[in-house]
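S.K.: Same order as they appear, the protein sequences are chains B and S.
Take the first sequence: its letter number 423 is residue 423 in UniProt numbering, and every next letter is one higher.
Take the second sequence: its letter number 205 is residue 205 in UniProt numbering, and every next letter is one higher.
In this text, a Cβ means the ideal position worked out from N, Cα and C, and glycines have one as well.
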Amino acid sequence: MTPKLNLLLASVAAATLALPAMAKDLTVDLSGEPSSLDPQVQWNPDSYYVYRNIFDNLVTRDNDGNIVPQIAIAWEQVSDTEMLLTLRDDVTFHDGQKLTAEDVVFSVQRITDPEFASPQLGQFNQIASAEAVDDVTVKLTTDGPYPALMAQLVKLSVVPKHVVEEVGAEAFNAAPVGSGPYRFEGWDRGVSVTLTRNDDYWGEAGPFEGATFRAVPDAATRLANLQAGTADLVVGLDSDGAAQLEGQGDVKALSAPTERVAYLGMNLDKPPFNDPELRKAASMAIDNLGITEGLLGAGEVPMAQLSSPAHFGYAEGIEPWVFDPDAAKEIVSAKADIAATPATFATAPVFDQRIVQALQQMLNDVGFNVSISVTDMPTYLNIVRSEPADNAELSFGRWSCACQDADGIAYPLLHSDSNWSRVNDPELDKLLDEARVSLDPEVRQDAYAQVHQIVRDNYYLLPMYQAAVLYGAASELEFTPTANESMFLNRMSWSE
Amino acid sequence: MSAFLLKRLLQAMVTAFGVITLVFFIQRLTGDPTALLLPETATQEDFEAMRSALGFDRPLIEQYIAFLGDMLRFDLGRSYIQNAPVAEILASRIPQTLQLAGGALLVAFAIGLPAGVVMALTRGRAISRWIMGVVLACQSMPTFWSGIMMILVFGVWLKWLPPSGTGTLAHLVMPSIALGLLSLATYARITRSAVIDELGRDYVRSARARGVRTPRLVRRHLLRNSAIPVVSITALEISQLLAGAVIVETVFAWPGLGQLTVQSVASRDFAVVQAVVLLGAFATIFANLAADILYSVIDPRVRLGGQ
Chain B
1 MTPKLNLLLA SVAAATLALP AMAKDLTVDL SGEPSSLDPQ VQWNPDSYYV YRNIFDNLVT
61 RDNDGNIVPQ IAIAWEQVSD TEMLLTLRDD VTFHDGQKLT AEDVVFSVQR ITDPEFASPQ
121 LGQFNQIASA EAVDDVTVKL TTDGPYPALM AQLVKLSVVP KHVVEEVGAE AFNAAPVGSG
181 PYRFEGWDRG VSVTLTRNDD YWGEAGPFEG ATFRAVPDAA TRLANLQAGT ADLVVGLDSD
241 GAAQLEGQGD VKALSAPTER VAYLGMNLDK PPFNDPELRK AASMAIDNLG ITEGLLGAGE
301 VPMAQLSSPA HFGYAEGIEP WVFDPDAAKE IVSAKADIAA TPATFATAPV FDQRIVQALQ
361 QMLNDVGFNV SISVTDMPTY LNIVRSEPAD NAELSFGRWS CACQDADGIA YPLLHSDSNW
421 SRVNDPELDK LLDEARVSLD PEVRQDAYAQ VHQIVRDNYY LLPMYQAAVL YGAASELEFT
481 PTANESMFLN RMSWSE
Chain S
1 MSAFLLKRLL QAMVTAFGVI TLVFFIQRLT GDPTALLLPE TATQEDFEAM RSALGFDRPL
61 IEQYIAFLGD MLRFDLGRSY IQNAPVAEIL ASRIPQTLQL AGGALLVAFA IGLPAGVVMA
121 LTRGRAISRW IMGVVLACQS MPTFWSGIMM ILVFGVWLKW LPPSGTGTLA HLVMPSIALG
181 LLSLATYARI TRSAVIDELG RDYVRSARAR GVRTPRLVRR HLLRNSAIPV VSITALEISQ
241 LLAGAVIVET VFAWPGLGQL TVQSVASRDF AVVQAVVLLG AFATIFANLA ADILYSVIDP
301 RVRLGGQ
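1. By Cβ distance, which residues of its chain are closer than 8 Å to Leu105(S), with the 5 residues on each side in sequence left out?
2. So, does the CB of Lys7(S) fall closer than 8 Å to a CB anywhere in chain B?
3. At 4 residues or longer, what runs of the alpha helix (DSSP H) sit wholly inside the stretch 131-172 of chain B?
4. Using a Cβ cut-off of 8 Å (strictly closer), state whether Gly305(S) contacts chain B.
5. With burial defined as no fewer than 16 other Cβ atoms inside 10 Å of the residue's Cβ, what is the status of Met13(S): buried or exposed?
6. Alpha carbon to alpha carbon, how far is Phe154(S) from Thr168(S)?
7. What in chain S is Cβ-close to Gln227(B), meaning under 7 Å?
8. Do Phe208(B) and Asp25(B) count as a contact pair if the criterion is CB distance below 8 Å?
9. Can you tell me which residues form a DSSP beta bridge with Pro463(B)?
10. Counting contacts by CB-CB distance shorter than 8 Å, is Val251(S) in contact with chain B?
11. Express the C-alpha separation of Leu414(B) and Phe106(B) in angstroms, rounding to a whole number.
12. Tell me which residues share the same chain as Thr341(B) and place their Cβ nearer than 7 Å to its Cβ, disregarding the 5 neighbours each side in the sequence.
13. Return the chain-ordered list of same chain residues with a C-beta closer than 7 Å to the C-beta of Leu489(B), the five sequence neighbours on each side being excluded.
14. Compare the beta carbon distance of Val230(S) and Ile190(S) with 8 Å and say whether it is the shorter of the two.
15. Taking buried to mean at least 16 other C-beta atoms within 10 Å of its own C-beta, is Glu204(B) buried or exposed?
16. Please look up how many angstroms separate the CB atoms of residue 529(B) and Pro39(B), rounded, as I've assumed it's under 8 Å.
17. For Thr250(S) and Asp218(B), which I take to be in contact (beta-carbon distance under 8 Å), what is that distance rounded to the nearest angstrom?
18. Flag this pair as yes or no: are the beta carbons of Tyr49(B) and Leu30(B) separated by less than 8 Å?
19. Starting from the C-beta of Asp365(B), find all residues in its chain whose C-beta is less than 6 Å away, skip the five residues before and the five after it, and write them out in chain order.
20. Comparing the C-beta of Asp218(B) with each C-beta of chain S, is any distance below 8 Å?
21. Touch check for the stretch 250-264 of chain B and the stretch 293-310 of chain B: three-plus C-beta pairs under 8 Å?
22. What residues in its chain sit with their C-beta under 6 Å from that of Gln70(B), if we drop five residues either side in the sequence?
23. Starting from Tyr182(B), trace the beta strand (DSSP E) in both directions and tell me its first and last residue.
24. Quick one: what's got a C-beta closer than 7 Å to Gln244(B)'s C-beta in the same chain, skipping five residues either side?
25. Taking buried to mean at least 16 other C-beta atoms within 10 Å of its own C-beta, is Asp425(B) buried or exposed?
26. Identify, in the order they occur along the chain, each residue of the same chain with its Cβ nearer than 7 Å to the Cβ of Thr284(S), setting aside the five sequence neighbours on each side.
27. If the cut-off is 7 Å on Cβ atoms, which residues from the stretch 257-285 of chain B count as contacting chain S, listed in chain order?
28. Does any residue of chain S have a CB that is nearer than 8 Å to the CB of Ala215(B)?
29. According to the Cβ coordinates, are Phe312(B) and Ala406(B) closer than 8 Å?
30. So, at 6 Å on beta carbons, what are the nonlocal neighbours of Thr141(B) in its own chain, with the 5 sequence-adjacent residues on each side left out?
31. Would you verify that the beta carbon of Gln27(S) is, or is not, closer than 8 Å to some beta carbon of chain B?
32. Whole angstroms are fine: how far does the CA of Ala253(B) sit from the CA of Asp240(B)?
33. Pull the bridge partners of Asn458(B) from the DSSP assignment, please.
34. Do we get a CB-CB distance below 8 Å when we pair residue 384(S) with the residues of chain B?
35. Between the C-alpha atoms of Arg491(B) and Phe213(B), what's the straight-line distance to the nearest angstrom?
36. Report the start-end ranges of each alpha helix (DSSP H) in the stretch 186-233 of chain B that is 4 residues or longer and not cut off at the edges.
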């Protein structure tokens with residue numbers, strides 16, 4: 001090799017190495033484009049991954065899951081139903097206007113207005129009123145004691161009153177103006193959304209001058225984009241995809257347990273699962289460890305309660321499920337005629353069919369007669385929310401309330417008032433009601449511990465595991481996945 | 001000519017009306033879209049509120065009449081999933097689909113036509129069978145596989161082309177080939193049989209007797225006379241390319257109508273599905289109409305309207 005060529009190669013190498021230090025823009029591949037960039041309309045990952053960076057929320061969660069200040073720097077429960085929030089006074093929207101208490105009040109009123117019909121209404125409709133006490137103080141009044149208020153406010157983005165009122169909802173959605181670390185740059189429909197850094201941000205804005213969120217529906221294509229270097233962060237990886245990334249120097253897989261809890265739901269009004277003994281047999285037939293480690297392998301954690309360590313209300317000391325197919329067979333064979341009642345397992349393509357099939361196999365191995373019925377999502381939702389008589393015998397779900405509070409999962413799935421629930425247990429109802437309105441964390445924690453124990457003892461449904469989320473990333477990207485599946489650009493960086 | 005056009009237009013309207021009516025009712029048979037809009041934790045009251053906000057609580061027939069009224073005013077409605085007017089969504093997707101369909105047609109034409117001619121001229125010889133084998137292999141490869149393979153080879157390993165997305169000509173290459181391969185075989189086979197038909201005719205024998213060489217014969221006579229079946233196939237292929245690009249568009253993250261259709265059907269985005277189906281119906285109708293008109297240009301023996 002000639003000295004000249006050596007020199008050339010060396011300079012090329014130097015230039016290549018120097019690239020990360022130049023704060024390259026970030027490209028993220030999502031599975032779809034945002035449904036809305038108005039943070040008060042649609043609430044799904046493809047949307048909030050993007051708009052969370054354009055807007056600030058009242059409060060947020062740090063990477064460890066603690067609720068920490070964002071727009072609100074302090075909050076105080078002044079009575080059972082009143083919360084006083086103190087706001088930062090140094091926040092400006094991207095158009096230069098100052099963010100005031102009026103904007104916060106407007107944001108609360110807008111999302112809780114039934115006329116506005118936000119899909120997120122159910123998360124905030126316990127807020128009865130919001131009023132600005134002064135420029136930096138807001139009083140929120142709930143329609144009863146509401147312990148999960150702050151957990152819900154983590155998701156409340158503050159929108160600028162003057163802009164929304166001036167341009168209207170549709171134009172605001174097409175070109176949102178927030179106060180967050182990144183400002184909206186452009187939306188190429190069906191293709192991508194681009195953001196640029198807000199250099200006037202009150203906090204840490206992050207290292208990327210720009211970021212592009214692209215819609216790439218096919219998981220294999222997202223992986224290829226990552227490997228080709230045209231994407232720096234991709235979502236929706238499975239463990240096979242993660243295994244592909246192993247041993248490749250310039251890419252890596254990142255995983256974190258989420259606040260989603262997977263469970264097997266059973267119809268308590270119909271045979272065979274109206275029999276507690278047979279439900280117990282079902283619990284013993286399921287190899288939870290085999291499913292989480294063998295089948296999924298993305299860092300899922302087996303659970304025997306409808307909560308995870310990422311939730312308030314998670315109870316230590318709930319005994320794990322016992323995997324004992326022989327004992328299960330024994331129970332089933334004693335009640336063979338009931339156990340052989342044909343049971344339908346309702347599911348939809350969005351659920352991991354490997355798990356559904358594994359569950360069917362495991363249950364049938366001990367003597368149940370389970371058949372899978374796959375329908376599309378709306379049909380599935382209709383089935384599982386219908387009356388017990390029309391409901392399927394089995395269903396598999398992965399729930400998240402995006403509030404990291406046991407109430408968000410346990411209440412809808414276990415309380416007799418909820419149309420998701422197939423349980424009708426007055427004691428359980430009493431505990432769930434108590435925990436829902438008590439402002440004393442100890443009382444709530446104690447109630448949920450009892451709830452989990454009752455579910456465990458009666459096999460009302462079978463919690464299975466805490467789901468994990470997997471991302472693929474360029475190896476020089478520093479990113480900490482969190483339980484609430486956030487994707488804050490200002491918490492990422494390029495490593496040196 | 002104009003009477004013919006008018007008749008075809010009327011037929012088109014009736015067809016389109018039938019299509020949208022079917023789509024309107026079939027979609028609503030399949031379930032409630034609000035179930036997908038709201039989080040799992042939503043209560044029954046939340047569902048009722050959402051339903052009434054979107055107008056799904058009204059009687060079906062009332063919804064249908066309102067829908068027909070909108071159609072008459074050329075109002076395609078609003079997507080409650082994408083939170084944007086349907087016309088705007090379609091407008092952003094149509095150019096992408098046309099680009100891809102154009103690219104695919106180009107691939108299919110540029111390879112399929114010569115392959116067909118060569119196969120016809122070498123009929124019975126080994127080379128003809130070889131070409132047919134390759135052509136059929138191209139058609140038989142599932143797109144989700146060939147697409148991913150192309151991405152891996154040209155996007156990830158060789159890094160010659162961007163693995164997915166849109167924006168430049170380089171982005172168009174792989175999706176066009178993936179989609180074009182499907183139509184290529186059709187073109188090759190149709191061209192082959194059309195040219196073989198023509199080869200047996202008297203004028204070809206006379207031309208040969210006059211000493212016209214094969215390349216000139218193909219260019220001057222055979223291609224033009226074999227063009228009619230190729231044109232009618234193109235009309236069919238265009239509607240296929242518009243509607244059938246679903247997998248290619250998904251694999252290559254190409255933001256065309258196919259991808260939009262799948263996503264809208266899956267999310268019960270009624271207004272978008274209706275509009276796409278309507279568009280597809282019109283595209284098919286007009287592609288066929290255009291083919292009819294083209295026949296008369298290519299072959300003066302074809303007279304429109306039975307004159």
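M.R.: By the coordinates alone:
1. Gly180, Ser183, Thr234, Glu237, Ile238, Leu241
2. no
3. 149-153
4. With a pLDDT of only 49 at Gly305(S), under the threshold of 50, the placement of this residue in the model should not be trusted, and no figure is reported.
5. exposed
6. 16 Å
7. Val156
8. yes
9. Tyr263(B)
10. yes
11. Spanning the alpha carbons of Phe106(B) and Leu414(B) requires a straight line of approximately 35 Å.
12. Pro271, Pro272, Asn369
13. Leu26, Asn53, Pro181, Tyr182, Gly206, Phe208, Ala211
14. Going by beta carbons, Val230(S) and Ile190(S) fall inside the 8 Å limit.
15. exposed
16. Residue 529(B) lies beyond the range of chain B shown here (1 to 496); nothing can be said about it.
17. 5 Å
18. yes
19. A distance below 6 Å between beta-carbons, with the five flanking residues on each side excluded, links Asp365(B) to no residue of its chain.
20. yes
21. Touching, per the Cβ criterion.
22. Non-local C-beta neighbours of Gln70(B) in its own chain, meaning closer than 6 Å and more than five positions away in sequence, comprise Asp56, Asn57, Val59, Thr60, ordered along the chain.
23. 182-188
24. Leu223
25. buried
26. Cβ contact annotation for Thr284(S) (same chain, cutoff 7 Å, sequence separation greater than five): Ser239, in chain order.
27. none
28. Under the Cβ criterion of 8 Å, Ala215(B) is counted among the residues facing chain S.
29. Cβ distance < 8 Å, so Phe312(B) and Ala406(B) count as in contact.
30. Thr81, Glu82, Ala128, Ser129
31. no
32. When rounded, the distance between both Cα atoms is 11 Å.
33. None; Asn458(B) has no bridge partner.
34. Outside the shown range of chain S, which is 1 to 307, sits residue 384(S), and nothing can be said about it.
35. In this model, Arg491(B) and Phe213(B) are separated by some 16 Å (Cα to Cα).
36. 219-228
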